[in-house]
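*Asks:* One structure is given below, represented as structure tokens, and several questions about it will come after.
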Amino acid sequence: MPNLKVFFCTSGVYNNEREIAASFKILNKTCENADIFNDIEVFPMGRKELMKLWSSISDKNEASIQLIDYIGINEMPGIPQAYISIVKAKEFLEKIAMDDEGNIREEVFDENVRAFLGGDNPVNKDIAKTLHSEKSKQFAVLNNGVTIIAPEIAIQSNTKVMHLTNYQIINGCQTTNTLYEHYADLNDNVELVVKFIESQDTDVAIEIVTATNNQSAVENEAFYALREKARLIQKFFDIQRNDEAKEKLFFERRENEYRNKSIQTTKIYDIKELARCFISVFKLRPHDASRYVKKVLNTSDIVFDDKDNECAYHCAAYICYKFNTLINGRKNDAPKYNRLRWHIAMLYPWVVFGKVETPDPSSKKITAYCDKVLKTLLNEEYIENFKTCQRIIDSIEMPTDDQIKRGKYTSELKEAAEKFLNK
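And the structure:
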């Protein structure tokens with residue numbers, strides 16, 4: 000008898016609630032009762048699961064590399080097999096880190112918390128110095144090496160060739176890129192330690208990246224880059240750039256990701272800046288955006304929640320970007336309100352809808368809400384809307400720098416907006 004796999008797909012967020020789980024059990028039982036299938040599996044798939052499946056197909060990569068030698072590591076929870084190996088650094092670059100045209104494969108570093116920090120970085124300078132000295136022959140013991148994770152690895156013990164599918168370099172981004180920058184100077188005496196880990200468990204990869212990066216100077220908020228939600232938001236930004244009517248905004252999930260890309264810096268939003276936009280517009284906390292965003296990121300889960308719709312982050316960034324263009328262009332008295340730009344961002348959707356109402360970023364209403372806000376930002380309508388935001392601010396006493404950072408002023412401004420819009 001054939002096997003059966005049933006996929007229930009939705010563009011929403013799948014939550015494993017009791018009632019929903021019970022429905023899938025009934026579906027499974029119904030298929031069993033048909034008595035025409037052997038094994039039956041039911042897979043509920045939400046937006047996150049669908050995006051992950053799509054990425055595994057569209058972003059597929061494969062490689063094989065000759066090892067000098069290796070040792071196996073015993074199987075452990077979530078890790079069926081793992082190996083510690085020695086490889087020639089040049090072979091590693093050619094087979095793992097470079098494409099057919101000799102360019103660095105930037106996509107294999109997606110699981111890193113930061114991109115290449117450049118040759119002027121002190122650590123990378125030291126790596127380069129070692130490569131150009133007599134100590135280059137000791138590189139394998141002087142350098143921490145590289146860690147690669149993949150859902151599928153296979154080694155041919157007789158030839159010592161490692162085969163990888165859908166691999167990611169999760170530790171060693173700086174080492175790999177520095178080796179690449181000095182590729183022409185490498186010889187067969189330069190060897191590298193590489194760990195190969197097989198795992199299909201996303202949490203395992205996150206644990207490894209977190210543990211290895213905690214040993215170096217990485218800001219706590221940088222670990223938000225590892226969250227599945229952060230990846231989905233970045234993909235959403237990427238997709239939105241295909242819309243010719245919209246400004247091309249970038250979410251820099253990993254530190255230095257868009258370095259040397261000739262992108263206008265005002266269009267790049269890193270984790271902290273995007274968090275500021277989001278908590279101002281959808282959490283009504285512009286006072287925290289003005290001062291406490293680092294504290295918010297380190298102590299709470301009000302941003303990058305799995306239930307949040309990605310469109311809310313893009314919408315919030317777009318509002319802030321458009322007001323910044325007015326500030327930088329010194330138009331419509333916008334520079335006068337620079338201190339209050341996060342409060343302006345909070346007010347903007349209320350002005351668009353003519354009422355003080357903010358849907359939860361995980362609600363069904365959020366997509367239509369963001370679409371309407373964005374529509375106003377694609378034409379000259381946004382200029383008048385921002386002027387209205389400024390008039391609402393002017394309707395009450397202008398706050399001091401200290402008051403801007405207090406929730407009390409945010410509450411007073413919300414009341415002022417209600418009075419102004421209900422006239």
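Residue numbers (numbering that gives the first Met the number 0): 0 to 422.
Quick reminder that beta carbons are idealized off the backbone N, C-alpha and C, glycines included.
Using C-beta distances below 7 Å, list every residue in its chain close to Val203, excluding the 5 sequence neighbours before and after it, in chain order.
*Replies:* Gly77, Ile78
*Asks:* In its own chain, which residues sit with a C-beta less than 7 Å from the C-beta of Asn14, not counting the 5 before and 5 after it?
*Replies:* none
*Asks:* Are the region 227-235 and the region 178-185 in contact at 8 Å, needing three or more beta carbon pairs?
*Replies:* no
*Asks:* Are the region 251-263 and the region 110-117 in contact at 8 Å, needing three or more beta carbon pairs?
*Replies:* yes
*Asks:* Does the count of Cβ pairs from the region 97-107 and the region 149-159 closer than 8 Å reach three?
*Replies:* no
*Asks:* Evaluate the contact criterion for the region 335-353 versus the region 310-322: three or more CB pairs, one atom per stretch, below 8 Å.
*Replies:* yes
*Asks:* Rounded C-beta distance between Val292 and Lys271? I'm assuming under 8 Å.
*Replies:* 6 Å
*Asks:* In this structure, how does DSSP classify Lys194 when only helix, strand and coil are distinguished?
*Replies:* strand
*Asks:* So, for Ile67: in the same chain, excluding its five sequence neighbours on each side, which residues have a beta-carbon less than 8 Å away from its beta-carbon?
*Replies:* Ser84, Ile85, Val86, Lys87, Lys159, Glu190
*Asks:* With distances taken Cα to Cα, identify the nearest neighbour of Tyr312 among Asp359, Lys260, Gln137, Val140.
*Replies:* Asp359
*Asks:* So Ser63 is in the beta strand (DSSP E); what residue range does that whole segment cover?
*Replies:* Under the DSSP assignment, Ser63 falls in the beta strand (DSSP E) whose first and last residues are 61-65.
*Asks:* Alpha carbon to alpha carbon, how far is Asn2 from Lys47?
*Replies:* 26 Å
*Asks:* For Gln173, count the other beta carbons within 10 Å of its own beta carbon; 16 or more makes it buried, fewer makes it exposed. Which is it?
*Replies:* buried
*Asks:* Going by C-alpha distance, which of Phe352, Phe195, Asn73 is nearest Ile64?
*Replies:* Phe195
*Asks:* Reducing DSSP to helix, strand and coil, say where Pro79 ends up.
*Replies:* Pro79: coil per DSSP, three-state reduction.
*Asks:* Using C-beta distances below 8 Å, list every residue in its chain close to Ser279, excluding the 5 sequence neighbours before and after it, in chain order.
*Replies:* Pro285, Ala288, Ala315, Cys319, Trp341, His342, Ala344, Met345
*Asks:* Identify which residue in Val5, Thr9, Gly11 has its Cα closest to the Cα of Leu26.
*Replies:* Val5
*Asks:* Return the CA-CA distance between Glu251 and Asp393, expressed in angstroms with no decimal places.
*Replies:* Looking at the two C-alpha atoms, the distance is approximately 34 Å.
*Asks:* Please report the straight-line C-alpha distance between Asp401 and Lys407, rounded to a whole angstrom.
*Replies:* 11 Å
*Asks:* Is it true that the CB of Leu273 sits closer than 9 Å to the CB of Tyr317?
*Replies:* no
*Asks:* Could you give the uninterrupted runs of the beta strand (DSSP E) lying entirely in the region 71-144, keeping only those of 3 residues or more?
*Replies:* Qualifying beta strand (DSSP E) stretches, in chain order: 80-87.
*Asks:* Which partner residues of Gln167 appear in the DSSP bridge assignment?
*Replies:* Ile148
*Asks:* Buried or exposed for Arg275, please, with buried defined as at least 16 other CB atoms from any protein chain shown within 10 angstroms of its CB.
*Replies:* buried
*Asks:* Classify Ile169 as buried or exposed, calling it buried when 16 or more other Cβ atoms lie within 10 Å of its own Cβ.
*Replies:* buried
*Asks:* Pairing CB atoms from the region 360-379 with CB atoms from the region 301-310, are three or more of them under 8 Å?
*Replies:* yes
*Asks:* Which residues share a DSSP beta bridge with Asp68?
*Replies:* Ile85
*Asks:* Are any of the Cβ atoms in chain B nearer than 9 Å to that of Asp287?
*Replies:* Among the chains of the structure shown, chain B does not appear; only one protein chain is present.
*Asks:* Taking the beta carbon of Ser198 as the centre, do at least 16 other beta carbons fall within 10 Å, making it buried, or is it exposed?
*Replies:* buried
*Asks:* Quick check for students: name the residue ranges of the alpha helix (DSSP H) that lie wholly in the region 210-285, counting only runs of 4 or more.
*Replies:* 227-239, 270-280
*Asks:* Nearest by alpha-carbon distance to Val12: which of His131, Met44, Tyr347 is it?
*Replies:* Met44
*Asks:* Once DSSP output is grouped into helix, strand and coil, what is the label at Met0?
*Replies:* coil
*Asks:* Quick check: what's the CA-CA separation for Trp53 versus Ile147?
*Replies:* 21 Å
*Asks:* Hey, how far is the Cα of Gln214 from the Cα of Ile301?
*Replies:* A caution first: Gln214 carries a pLDDT of 49, below 50, which makes its placement in the model unreliable, though a value can still be read off. Near 27 Å, if we compare the C-alpha coordinates of Ile301 and Gln214.
*Asks:* Any heavy atom of the ligand NAD closer than 8 Å to the Cβ of Thr409?
*Replies:* For the ligand NAD, the structure offers nothing, since it holds no ligand at all.
*Asks:* Is it the case that the Cβ atoms of Lys245 and Leu377 are separated by a distance below 9 Å?
*Replies:* yes
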